[in-house]
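For the sequence shown, position 191 (counting from the first letter as 1) is numbered 337 according to this note's numbering, and the numbering increases by one without interruption.
Glycine is no exception: its CB is placed at the ideal position from the N, C-alpha and C atoms.
Comments concern the structure below.
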Amino acid sequence: VKALGTFIHWNVLLTFSMAEAEELRRTFGADEDRVRPITWGIDTDYFRPSENGLQIYEPPHVLSMGVSNRDYPTLIEAMRRIPHVTCHICPTSAWEPSLGALANKKLPPNVVIKSYDHPLVIRQAYERCKFAVVPMQPTDQWSAGCTSVLQPQAMGKPVVATKLPGLAEYVIGGETGLLVNVGDPAAMAQAIDTLWRDGEKTAAMGARARQWVNTSRSLNGTLDQLTAIIHEIGSS
Numbered sequence: 147v148k149a150l151g152t153f154i155h156w157n158v159l160l161t162f163s164m165a166e167a168e169e170l171r172r173t174f175g176a177d178e179d180r181v182r183p184i185t186w187g188i189d190t191d192y193f194r195p196s197e198n199g200l201q202i203y204e205p206p207h208v209l210s211m212g213v214s215n216r217d218y219p220t221l222i223e224a225m226r227r228i229p230h231v232t233c234h235i236c237p238t239s240a241w242e243p244s245l246g247a248l249a250n251k252k253l254p255p256n257v258v259i260k261s262y263d264h265p266l267v268i269r270q271a272y273e274r275c276k277f278a279v280v281p282m283q284p285t286d287q288w289s290a291g292c293t294s295v296l297q298p299q300a301m302g303k304p305v306v307a308t309k310l311p312g313l314a315e316y317v318i319g320g321e322t323g324l325l326v327n328v329g330d331p332a333a334m335a336q337a338i339d340t341l342w343r344d345g346e347k348t349a350a351m352g353a354r355a356r357q358w359v360n361t362s363r364s365l366n367g368t369l370d371q372l373t374a375i376i377h378e379i380g381s382s
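Below, the structure written as structure tokens:
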């Protein structure tokens, strides 16, 4: 984009994190009005704790859901260190063998591979888990994974997530979840074990997560931000 010079033809470039906005401003030498962050939001009316309670029981487990190129190798290595914790990995896309996510790796007995793709099934899966884990690969798409951390939080479940510059704006570290460094199975195992062993802390984090997402990361909030920017551009 910079080499082609197309940036000069844009009115406004929107990003889904402040970290990305600041980096793009530096890259393009743009002012704050030309590159603006808005928050990605989800439907908090759909993703919310059930009023009728848990309908289908499953033994206690943590849940990791997302596309197949997530950092599942680090998660699997973390799970080897905490054999008393059961983890369901539920890719929402086909496995890509070239990524080596499971290549030449024998799964530990506490890791179960499943697949969920329908929104209703996804919501039910989050409701049945104790909390969610979102392991991310290093990427220049810094807000990647934001939907995967927002959905469980909206369901009242805290998250353990990889600390990427943009994704970290969608989890309040220590309040609605725990953030760990990229590719650090020891830190991920410790974070998972902390929430697994402390049910009271996990429940409190989940309650804060639901409240925060509902007030600060909702789909309606995103639409309000977009509407305001469109009106501003249209009237200028």
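Assigned secondary structure, residue i (DSSP; H/G/I helix, E/B strand, else coil)
{"i": "Met211", "result": "strand"}
{"i": "Ser382", "result": "coil"}
{"i": "Ser362", "result": "helix"}
{"i": "Arg182", "result": "strand"}
{"i": "Ile268", "result": "helix"}
{"i": "Val317", "result": "coil"}
{"i": "Val328", "result": "coil"}
{"i": "Gly323", "result": "strand"}
{"i": "Thr285", "result": "coil"}
Contact under 8 Å by Cβ, residue i with residue j
{"i": "Ile188", "j": "Leu365", "result": "yes"}
{"i": "Asn360", "j": "Ala307", "result": "no"}
{"i": "Pro195", "j": "Arg354", "result": "no"}
{"i": "His207", "j": "Cys233", "result": "yes"}
{"i": "Gly212", "j": "Thr190", "result": "no"}
{"i": "Lys276", "j": "Trp342", "result": "yes"}
{"i": "Met351", "j": "Glu321", "result": "yes"}
{"i": "Val305", "j": "Val317", "result": "yes"}
{"i": "Glu223", "j": "Pro331", "result": "yes"}
{"i": "Asn157", "j": "Ile379", "result": "yes"}
{"i": "Gln270", "j": "Phe193", "result": "no"}
{"i": "Trp186", "j": "Thr368", "result": "yes"}
{"i": "Leu324", "j": "Thr348", "result": "no"}
{"i": "Glu204", "j": "Arg274", "result": "yes"}
Whole-angstrom C-beta distance between residue j and residue i, which should lie under 8 Å
{"i": "Tyr218", "j": "Cys236", "result": "Their Cβ separation, rounded to whole angstroms, is 11 Å, which puts Tyr218 and Cys236 out of contact at 8 Å."}
{"i": "Ser362", "j": "Val279", "result": "About 22 Å separates the two Cβ atoms, so there is no contact after all."}
{"i": "Gly302", "j": "Thr220", "result": "With a Cβ gap of about 26 Å, Gly302 and Thr220 do not count as contacting."}
Delimiting residues of the beta strand (DSSP E) encompassing residue i
{"i": "Cys233", "result": "233-237"}
{"i": "Ala278", "result": "278-280"}
{"i": "Ala167", "result": "From DSSP, Ala167 is part of no beta strand (DSSP E) but of the alpha helix (DSSP H) over 164-174."}
{"i": "Leu159", "result": "159-161"}
{"i": "Ile188", "result": "Taken as a continuous stretch (DSSP letters only), Ile188 belongs to no beta strand (DSSP E), as it is neither H nor E."}
Span of the alpha helix (DSSP H) around residue i
{"i": "Ile222", "result": "218-226"}
{"i": "Ala300", "result": "292-300"}
- Query: Is the segment 158-168 touching the segment 301-312, taking contact as three or more C-beta pairs under 8 Å?
  - Reply: yes
- Message: Below 8 Å, how does it come out for the segment 174-182 and the segment 279-298: are there three or more Cβ pairs, yes or no?
- Response: no
- Looking at C-beta atoms only, is the number of pairs between the segment 228-238 and the segment 330-341 that lie closer than 8 Å three or more? yes
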